[in-house]
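Undergrad: The sequence shown: position 76 = 721 (our numbering), numbered continuously. Submitted below is the structure of interest, expressed as structure tokens.
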Amino acid sequence: MSEDQQILQQMQRLVRGVSRRIEEVTGDCKQDISLTSKRILLAELSEFVRMQQHEAAELRVQILRSQDALDAFASLEKKLQQIARLISSSN
Numbered sequence: 646m647s648e649d650q651q652i653l654q655q656m657q658r659l660v661r662g663v664s665r666r667i668e669e670v671t672g673d674c675k676q677d678i679s680l681t682s683k684r685i686l687l688a689e690l691s692e693f694v695r696m697q698q699h700e701a702a703e704l705r706v707q708i709l710r711s712q713d714a715l716d717a718f719a720s721l722e723k724k725l726q727q728i729a730r731l732i733s734s735s736n
């Protein structure tokens, strides 16, 4: 599995986790529960979202690093092609 596929799977898990937690909290809030309980649930959701944002930021860094590596490889490939042309034209 490529690194891009792994990153995509991590992002999909992240989205599913956030969606599931939102459903849990909003489902609980729809029931007849105390305001204090609702506040606690919303605080938990806020913390969960903060953690997921942190994970998303880490994934963004991984994506940028992957893109930098691809750009460097493309540049190297272009230089190797130029060298190959120079060698073939000098013969």
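Every residue, glycine too, gets a C-beta built ideally from N, C-alpha and C. Please read these numbers as outputs of a predicted model, since none were measured by experiment.
Hey, how far is the Cα of residue 706 from the Cα of residue 682?
TA: Position 61 of the sequence shown, counted from the first residue, corresponds to residue 706. Position 37 of the sequence shown, counted from the first residue, corresponds to residue 682. Using only the alpha carbons, I get a separation of about 36 Å.
Undergrad: If you follow the alpha helix (DSSP H) that residue 734 is in, where does it begin and where does it stop?
TA: Numbered from 1 along the sequence shown, position 89 holds the residue referred to as residue 734. 680-735 is the span of the alpha helix (DSSP H), which, as asked, contains residue 734.
Undergrad: Using the beta-carbon count (16 or more within 10 Å), is residue 737 buried or exposed?
TA: Shown here, the chain extends from 646 to 736; a query on residue 737 therefore has no answer.
Undergrad: Smallest Cα separation from residue 663: which of 647, 726, 690 and 685?
TA: Residue numbering aside, residue 663 sits at position 18 when the sequence shown is read from its first letter. Taking only the C-alpha atoms, the option nearest residue 663 is 690.
Undergrad: Within 10 angstroms of the Cβ of residue 694, are there 16 or more other Cβ atoms? Answer buried if so, exposed if not.
TA: Within the sequence shown, numbered from 1, the residue matching residue 694 stands at position 49. Result: exposed.
Undergrad: Just the C-alpha distance for residue 725 and residue 688, rounded to the nearest angstrom, thanks.
TA: Numbered from its first residue, the sequence shown carries residue 725 at position 80. Numbered from its first residue, the sequence shown carries residue 688 at position 43. If you take the alpha carbons of residue 725 and residue 688, they lie about 56 Å apart.
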